[in-house]
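Only one structure is covered here, and it is reproduced in the block below.
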Amino acid sequence: MTDGIKPWGAAEKEAWFQAQKIQRSYQTDVVDRLTALPAENFSLEQYGALSHDPQRYPLYVVKSKPWNDDNPTILITGGVHGYEDSGITGALRFLEEEAAQYADKVNFVVYPCISPLGYEINHRWNRKAEDPNRHFFAGGTAEESRQLMTSVESLKLHFRAAVDLHETNYRDIGITAERRARDGQEFEAGDDYIPDGFYLVVPSTADVALGHEVIEAVRKVTPIAIEPEILGYKSDKGVIVIDDVNTLLQDFARKHADVGMTTEIYPDKATKKEAEDAQIATIKTVVAFALKP
Ligand SMILES: [Zn+2]
């Protein structure tokens with residue numbers, strides 16, 4: 000913290016929220032698509048709701064049906080950051096178009112939109128100006144993160160792989176500036192830097208090999224970031240290992256999975272469909288990995 004700059008208190012956080020506008024409908028864009036999924040292939044369960052408006056923001060998980068305990072299970076999460084659209088719509092399209100073909104081989108557990116308020120206000124933060132993807136630890140206060148962790152732990156499953164679907168885009172420059180203000184910090188070098196292509200974050204060096212397979216699959220869909228360093232981490236052909244944060248969803252999920260990853264689509268140079276295709280290419284690479292003997 001720097002002298003003279005104070006972090007936001009409750010009043011500033013409330014003022015931030017009151018300045019946000021509803022820009023789209025979670026019900027129409029997400030819930031209606033979930034309820035339209037064929038009941039013979041998927042079970043749709045509500046695992047919680049956002050406390051400030053539970054009617055408007057029910058939280059859903061989709062599971063494969065029929066479920067086979069002998070098959071590998073993959074965890075897919077989207078919309079931890081509600082403004083990173085292709086994480087949500089890519090997960091939905093995967094369920095609608097791809098998942099059924101693996102019905103007798105793989106079980107899926109899919110949380111397609113963990114932060115529905117963030118989706119509607121098109122922002123990274125929740126009602127309390129928290130970033131849910133910094134709250135996946137025992138003392139985390141973001142309710143989106145707590146409810147997701149409680150739900151996943153209640154499944155008592157071990158996942159072959161866990162994939163968290165994100166984007167990095169130009170909006171992040173403005174949102175990073177908001178975060179600095181919220182936390183009473185000054186602008187830092189690199190705050191306005193956006194990697195110029197897709198990259199993959201993994202929680203462990205053990206996950207880099209599968210990460211490279213993902214990179215090769217996504218390369219057919221959208222360009223890969225070629226910088227030698229991304230966000231201060233050494234890039235290994237588009238894969239960076241972030242194992243020093245420990246508050247990310249990938250850190251929590253990795254405790255329940257053999258391998259984990261976070262996609263970072265760069266959507267500003269891709270069409271909406273290409274961004275979704277890159278998310279789906281990632282998931283299909285992970286499915287192929289899970290099906291290897
Ligand atoms: Zn994100």
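Here numbering that gives the first Met the number 0 is used: position 229 in the sequence shown is 228, and no number is missing along the way.
We put the CB at the ideal spot given by N, CA and C, even for glycine.
Close to ligand 1, as judged by a C-beta nearer than 5 Å to any of its heavy atoms, are the residues H80, E83 and H165, in chain order.
Between S114 and G81, the C-beta spacing is below 9 Å. With a contact defined as Cβ atoms closer than 8 Å, D163 and L248 qualify at about 5 Å. Taking every protein chain shown into account, the CB of G138 has fewer than 16 other CB atoms within 10 angstroms, so this residue is exposed. In this structure, D206 lies near G259, with their beta-carbon atoms less than 9 Å apart. When the beta-carbon positions are compared, F136 and L74 stay at least 9 Å from each other.
Of the candidates G47, E13 and I193, I193 places its Cα closest to the Cα of G231. A check of alpha carbon separations from S234 across F197, F251 and T246 identifies F197 as the nearest. For V79, there is no enclosing beta strand (DSSP E), as DSSP marks it with neither H nor E. Residue pairing by DSSP places S63 opposite F41 in a beta bridge. Take the alpha-carbon of L147 and the one of K12: they are about 23 Å apart. Assignment of E226 by DSSP, reduced to helix, strand and coil, places it in the coil class. Three or more Cβ pairs closer than 8 Å define a contact, and the stretch 208-216 falls short of that threshold against the stretch 36-44. For F93, the three-state secondary structure derived from DSSP is helix.
When the beta-carbon positions are compared, V244 and G210 stay at least 9 Å from each other.
The C-alpha of Y118 lies about 30 Å from the C-alpha of P65.
Annotation: the continuous alpha helix (DSSP H) that includes Y118 extends over P115 to I120. Rounded to the nearest whole angstrom, the C-alpha separation of I229 and T167 is 11 Å. A distance of 9 Å or more separates the beta carbons of A161 and A90.
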